[in-house]
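Everything below concerns the one structure shown next.
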Amino acid sequence: MSPMSAVLPATELVDLPAAGRRFTAGHTVRLGDVDPTGRLRLDATARHLQDVATDDADQSGLGQTFGWVVRRAMIEVRHAPVLGERLELTTFCSGSGRSWAERRTSIAGDRGGAVEAVALWVQVDASTGRPTGLSERFHEIYGSAAAGRRVSSRLTLPPPPTDADRRPWALRRVDLDVFDHVNNAVQWAIVEEALAEHGVGAVGRFEIEYLAPVGGHDRSLTLLTATADGVSERGLSVWLVSGDTVRVAARATVEADRLRRG
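Each number in the numbering used here comes from the position in the sequence shown (counting from 1) with 335 added on.
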């Protein structure tokens, strides 16, 4: 691959950089973060990832300059953190493009919790919401860690099949943020719901893509699911649809013995 070739975003879990900025923060898994078994849920994991990203940007001096919108994220749960576990999150920039950057985060718990994550964030103008090019200041701060790695903004999850299972999805007032949108972390709730219905275990690789915003005006939403069997792995795909428009697409991939049909 040539130095200028761009790779697909948020699909690789690259190692910590040998040089450049990295930011570390701690969190504790609280009651509001876990499912009935005490496992750290994916939506709570995403919230911790969002918080450490925000803290990093704020400390770097870039936090109030622009806004950031997540387009794609991948979370690989290797050992699920549990209630009361103290977590250390280390995050860094693992690549960039014209108006976007890729952020890698590693989560290590004091009881063995281990989660790796990567997300594609698009930089937007805070007043217009439109994408804006990364500044020289951004590259001064994060360029060494990214080490010239280029990522595209192309999304890759497939559309739903015509025979996907479907049911209504209710949007709650508490799901909305200050922009009257469903926050990227909250939208992992559709994945958690589908995983529980289909009996998916806590360990695996989970991907999500945000194709269009979900807002307070979206009162007619449908949740679609479809399963797929492989030799050693099984998958569960999820879509959140408004009318004919897919707003969110997600996919879970787990070892074959970790997924049973509901």
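We put the beta carbon where it would ideally sit given N, CA and C, even for glycine.
According to DSSP, which residues form a beta bridge with residue i?
i: Ile543; result: Ala408 and Ala585
i: Asp500; result: Thr560
i: Glu437; result: Gly430 and Leu455
i: Glu423; result: Gly361 and Ala443
i: Val576; result: Thr557 and Val581
i: Arg466; result: With the sequence shown as reference, residue 466 is identified as Pro, and Arg is not the correct amino acid for it. Its beta-bridge partners are Val459.
i: Val517; result: Leu511
i: Gly402; result: Val459
If you follow the alpha helix (DSSP H) that residue i is part of, which residue opens it and which one closes it?
i: Leu377; result: Leu377 to Ser395
Taking all protein chains shown into account, do 16 or more other C-beta atoms lie within 10 angstroms of the C-beta of residue i, making it buried, or fewer, making it exposed?
i: Pro303; result: The chain is shown only over 336 to 597; residue 303 falls outside these bounds and no answer can be derived.
i: Ser429; result: buried
i: Ala354; result: exposed
i: Thr359; result: exposed
i: Gly598; result: The chain is shown from 336 up to 597; residue 598 falls before or after that span and cannot be answered.
i: Gln458; result: buried
i: Asp350; result: exposed
i: Glu475; result: exposed
i: Pro344; result: buried
i: Glu420; result: buried
i: Glu544; result: buried
i: Ser441; result: buried
i: Ala436; result: buried
i: Val364; result: buried
i: Gly464; result: exposed
Excluding sequence positions up to five away, which residues of its chain have a Cβ less than 7 Å from the Cβ of residue i?
i: Glu527; result: Arg376, Leu377 and Asp378
i: Gly468; result: Arg433 and Ser434
i: Ala537; result: Arg374, Val412 and Ala415
i: Val521; result: Asp378 and Asp510
i: Arg446; result: Val417 and Glu420
i: Thr491; result: Leu343
Which of the three DSSP states, helix, strand or coil, is assigned to residue i?
i: Asp512; result: coil
i: Ala481; result: helix
i: Ala533; result: Note that residue 533 corresponds to His in the displayed sequence, not to Ala. Note: His533 maps to helix in three-state DSSP.
i: Leu366; result: helix
i: His552; result: coil
i: Ala461; result: coil
i: Val349; result: coil
i: Arg472; result: helix
i: Val450; result: strand
i: Ala524; result: helix
i: Val342; result: strand
i: Arg507; result: coil
i: Arg489; result: coil
i: Val417; result: strand
i: Gly355; result: coil
i: Gly373; result: coil
i: Arg596; result: The predicted position of Arg596 is uncertain, since its pLDDT is 40 and thus under 50; a value taken from the coordinates is nonetheless stated next. Note: Arg596 maps to coil in three-state DSSP.
Give the range of the beta strand (DSSP E) segment to which residue i is assigned.
i: Ala360; result: Phe358 to Thr363
To which residues of the same chain is residue i closer than 8 Å at the C-beta, ignoring the five residues directly before and after it?
i: Gly539; result: Glu411, Val412, Ala587, Thr588, Val589, Glu590 and Arg593
i: Gly578; result: Ser555
i: Val342; result: Met336, Gly430, Arg484, Arg485, Val486 and Ser487
i: Arg357; result: Leu351, Thr425, Thr426, Phe427 and Ala480
i: Pro493; result: Ser572 and Ala584
Can you list, in chain order, the residues of its chain with a C-beta nearer than 6 Å to that of residue i? Leave out the 5 residues immediately preceding and following it.
i: Thr346; result: none
i: Val517; result: Asp510 and Val549
i: Glu542; result: Met409 and Arg586
With hydrogens ignored, establish whether the beta-carbon of residue i is closer than 8 Å to any heavy atom of the ligand MG.
i: Ser555; result: As presented, the structure is devoid of all ligands, the ligand MG included, so that no description of it is given.
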